[in-house]
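**Q**
There are 2 protein chains.
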Amino acid sequence: MAQLIDGRLVSKKICENLSDEILFLSKKPCLAVIIVGEDPASRIYVNLKRKKAQELGIKSIVEQMPTATSQQELLNKIEQLNNDNEVNAILVQLPLPSHIDTKAVLEKINPLKDVDCFHPYNMGRIATGTKPYVYPCTPKGIIRLLEYYNIPPQGKHAVVIGRSNIVGRPVAQMLLNENATVTICHSKTANLAEITKTADILISAVGQKNLVKPDMVKEGVVVIDVGMNRTDEGKLCGDVDFYGVEPKASFITPVPGGVGPMTICSLMQNTFDLYNIQYNS
Amino acid sequence: MAQLIDGRLVSKKICENLSDEILFLSKKPCLAVIIVGEDPASRIYVNLKRKKAQELGIKSIVEQMPTATSQQELLNKIEQLNNDNEVNAILVQLPLPSHIDTKAVLEKINPLKDVDCFHPYNMGRIATGTKPYVYPCTPKGIIRLLEYYNIPPQGKHAVVIGRSNIVGRPVAQMLLNENATVTICHSKTANLAEITKTADILISAVGQKNLVKPDMVKEGVVVIDVGMNRTDEGKLCGDVDFYGVEPKASFITPVPGGVGPMTICSLMQNTFDLYNIQYNS
Chain A
2 MAQLIDGRLV
12 SKKICENLSD
22 EILFLSKKPC
32 LAVIIVGEDP
42 ASRIYVNLKR
52 KKAQELGIKS
62 IVEQMPTATS
72 QQELLNKIEQ
82 LNNDNEVNAI
92 LVQLPLPSHI
102 DTKAVLEKIN
112 PLKDVDCFHP
122 YNMGRIATGT
132 KPYVYPCTPK
142 GIIRLLEYYN
152 IPPQGKHAVV
162 IGRSNIVGRP
172 VAQMLLNENA
182 TVTICHSKTA
192 NLAEITKTAD
202 ILISAVGQKN
212 LVKPDMVKEG
222 VVVIDVGMNR
232 TDEGKLCGDV
242 DFYGVEPKAS
252 FITPVPGGVG
262 PMTICSLMQN
272 TFDLYNIQYN
282 S
Chain B
2 MAQLIDGRLV
12 SKKICENLSD
22 EILFLSKKPC
32 LAVIIVGEDP
42 ASRIYVNLKR
52 KKAQELGIKS
62 IVEQMPTATS
72 QQELLNKIEQ
82 LNNDNEVNAI
92 LVQLPLPSHI
102 DTKAVLEKIN
112 PLKDVDCFHP
122 YNMGRIATGT
132 KPYVYPCTPK
142 GIIRLLEYYN
152 IPPQGKHAVV
162 IGRSNIVGRP
172 VAQMLLNENA
182 TVTICHSKTA
192 NLAEITKTAD
202 ILISAVGQKN
212 LVKPDMVKEG
222 VVVIDVGMNR
232 TDEGKLCGDV
242 DFYGVEPKAS
252 FITPVPGGVG
262 PMTICSLMQN
272 TFDLYNIQYN
282 S
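Protein chains in written order, with the numbering used here: chain A, 2 to 282; chain B, 2 to 282.
1) Looking only at its chain, what residues have a beta carbon closer than 7 angstroms to the beta carbon of B:Val-11, apart from the 5 residues adjacent to it on each side?
2) Assuming A:Leu-303 is part of the alpha helix (DSSP H), what are its boundary residues?
3) Among A:Ser-43, A:Gly-58, A:Lys-132 and A:Ile-185, which has the Cα closest to the Cα of A:Glu-64?
4) Just tell me which of A:Asn-84, A:Ser-71 and A:Gln-94 has its CA closest to the CA of A:Lys-50.
5) At a Cβ threshold of 8 angstroms, is A:Gln-55 touching chain B?
6) Return the CA-CA distance between A:Met-124 and B:Cys-118, expressed in angstroms with no decimal places.
7) With DSSP as the reference, identify every bridge partner of A:Asp-226, one or two as the case may be.
8) Between the alpha carbons of A:Glu-247 and B:Leu-76, how many angstroms are there, rounded?
9) Which residues in chain A sit within 9 angstroms of B:Ile-196, going by Cβ to Cβ distance?
10) In chain order, what residues of the same chain lie with their CB nearer than 8 angstroms to the CB of B:Pro-96, ignoring the 5 residues before and after it?
11) Helix, strand or coil for A:Ala-181, going by three-state DSSP, please let me know.
12) CA-CA distance, B:Lys-189 and A:Thr-182?
13) Along the beta strand (DSSP E) that carries B:Leu-32, what are the first and last residues, could you check?
14) Per DSSP, what are the beta-bridge partners of A:His-158 in this structure?
15) Spell out whether any CB of chain A is found under 8 angstroms from the CB atom of B:Ala-191.
16) Taking only beta-carbon positions, decide if A:Lys-114 is within less than 8 angstroms of chain B.
17) Pull up the distance between the alpha-carbon of B:Gln-71 and that of B:Ile-101, whole angstroms please.
18) Mind listing which residues of the region 116-146 of chain B have their C-beta closer than 9 angstroms to chain A's C-betas, in chain order?
19) Could you check whether the Cβ of B:Gln-72 sits closer than 8 angstroms to any Cβ belonging to chain A?
20) Hey, out of B:Cys-238, B:Glu-56 and B:Thr-68, whose CA is closest to B:Ser-20's CA?
21) Round the Cβ separation of B:Pro-137 and B:Ile-167 to the nearest angstrom and send it over; I've been treating them as touching at under 8 angstroms.
22) Quick one, are the C-beta atoms of B:Asp-174 and B:Ala-206 less than 8 angstroms apart?
23) Would you mind telling me which residues of chain B sit closer than 9 angstroms to A:Arg-1, beta carbon to beta carbon, in chain order?
24) So is the beta-carbon of A:Arg-44 under 7 angstroms away from any non-hydrogen atom of the ligand COA?
25) Who are the neighbours of B:Gln-155 on chain A, taking C-beta pairs under 7 angstroms?
26) From A:Gly-1 to A:Asn-178, what distance separates their C-alpha atoms?
27) Tell me whether A:Gly-228 is buried or exposed, calling it buried when 16 or more other Cβ atoms sit within 10 Å of its Cβ.
28) Does the region 150-163 of chain B come within contact of the region 184-198 of chain A, defined as at least 3 CB pairs closer than 8 angstroms?
29) Of all Cβ atoms in chain B, is any one closer than 8 angstroms to the Cβ of A:Asn-83?
30) At least one CB of chain E closer than 8 angstroms to the CB of A:Asn-166: is that the case?
31) Could you pull out every residue in the same chain whose Cβ sits closer than 6 angstroms to the Cβ of A:Ile-162, ignoring the five residues on either side in sequence?
32) Mind checking the region 3-27 of chain A against chain B and listing, in chain order, the residues whose C-beta falls within less than 8 angstroms of any C-beta there?
33) So, B:Asn-271 versus B:Ala-54, is the Cβ gap smaller than 8 angstroms?
34) Could you give the residue range of the alpha helix (DSSP H) that holds A:Leu-107?
35) Report yes or no: is there a C-beta of chain A within less than 8 angstroms of the C-beta of B:Lys-104?
36) Output the boundary residues of the beta strand (DSSP E) element that contains A:Lys-60.
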């Protein structure tokens, strides 16, 4: 019987502290979100970010650009926001239309305003054990959940499934920096179960329902499920067979209500942190 | 009975090709090496690099600066070399005197002249699965040895012992980019042997003689020994108990004559590659 890791609770507390701090600022932090095209899911995400910012007293600017936007037009927009002293944080909503080179776009963001920490310079700081300006949102949320539930990664074997630049790769680096022994698995991994069975902390960030089954984990494992999938009935679910794995786990995140709420909360914290770095430097 | 991975042979072939290519260049590639202080080991390394460059037709400049050099003086020197069109590659010999912030110095090097690939921007490219201008020398040498002996990392479990920014961290990222399943172990790892026993490819980059013993590896393992240590008799040795482990391994690098010769060879290749990038851009 595992203890549930309640991301709603933890993110609520962090956001409350954040709004208290922002309340007393004469000038408010400002987050600029660029969205290119009409992708309905992206629009929903951007709206959630805008609403959460508003709720916390963070100013947000949404730059809606048409699908036909050229790469140069997008780069120019980023350049403009890089040079705008009123903007503390810049986020480019992904995915971008296929005619745009996403990496070139992310590299255009001033690392000092890189609220998602997707710029190679900031990723490189993490990869060399140096502090970046801010940490990527979902990995930061995961580390905060481990802190809140008093699960120190040091000396533990953390197994990460998935090697995306948004979750898998950075969270692996951050756990290494927290002195965990870290294994990264992915689609080319042979005998995934052999490795996941050795995990003290198992993080799945693949996006494949029922990927992690009870016979793939050991007793007492801490399970962090970053997956966001739908059951055949259309219900939201993660990568982990929750009802099968939960009895063997010591801690487990539900989906929804686990990592999800932490990500947007980290985004707001990052905006606030970049604001402070910029005004104190 | 393992096959020996002969770094002397492979590096000799690479260097021969390199000198052939350089022979026909009217303008030669130029490597600038900065050495601060009188550390005898550093002087030996710098001399080896200078001689190897000369041997291959690469121009080298050695900037010897006194131990008392201030950080700002060193940053100014790097700035000067960044702006010098005659210099294609810049290397700061480590370690630096303790009064100098090494990370600040490495970040000062123009990423386009960062021949060691220590700049966070270039490390971040590797950490996000993007090609940097050049790869760090020792990890690049290791990947080349695996290529030469036809040992594809894809799907293999690669275990890296050591998490330095010079070897452990980057080689782990590079093996991940080659589709290996990668585990990074270090001084805080609990039951190191449990993990190394699962390795198809085992890379030790710690600097501790007899760290890897026969009972820590499985039959058929590929062993890459990056250690550079001395036996009680003063003989050069690696991290691996060579005579104990060799019978269980399928491939193994000797020390000396394994990874060592590849590092300086990669440095020369990187200088040549940066030269080409700069002249073709």
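For glycine and all other residues, C-beta sits at the position ideal for the given N, C-alpha and C.
**A** Looking at the atomic coordinates:
1) Arg-145, Leu-146, Tyr-149 and Met-263
2) The structure shown does not extend to residue 303 of chain A, since chain A is modelled only from 2 to 282, so the question has no answer here.
3) A:Ser-43
4) A:Gln-94
5) no
6) 14 angstroms
7) A:Ser-205
8) 54 angstroms
9) His-158, Thr-182, Thr-184 and Thr-199
10) Asp-40, Ser-43 and Thr-103
11) coil
12) 8 angstroms
13) 31-37
14) A:Thr-182
15) yes
16) no
17) Looking at the sequence itself, residue 71 of chain B is Ser, so the reference to Gln does not match. Between B:Ser-71 and B:Ile-101, the C-alpha separation is close to 7 angstroms.
18) Phe-119, His-120, Pro-121, Tyr-122, Asn-123, Met-124, Gly-125, Arg-126, Ile-127, Ala-128, Thr-129, Gly-130, Thr-131 and Pro-133
19) no
20) B:Glu-56
21) 7 angstroms
22) Note on identity: in this sequence residue 174 of chain B is Gln, with Asp being the wrong assignment. No, the pair does not count as a contact, with Cβ atoms beyond the cut-off.
23) What the structure shows of chain A is the stretch from 2 to 282, and residue 1 of chain A is not part of that stretch, so it cannot be assessed.
24) For the structure depicted, the ligand COA is absent and the ligand set is empty, with no information on it obtainable.
25) Lys-189
26) The question about residue 1 of chain A has no answer here: the residues shown for chain A are numbered 2 through 282.
27) buried
28) yes
29) no
30) You won't find chain E in this structure, because its protein chains are A and B.
31) Cys-186, Ser-205 and Val-207
32) none
33) no
34) 103-109
35) yes
36) 60-66
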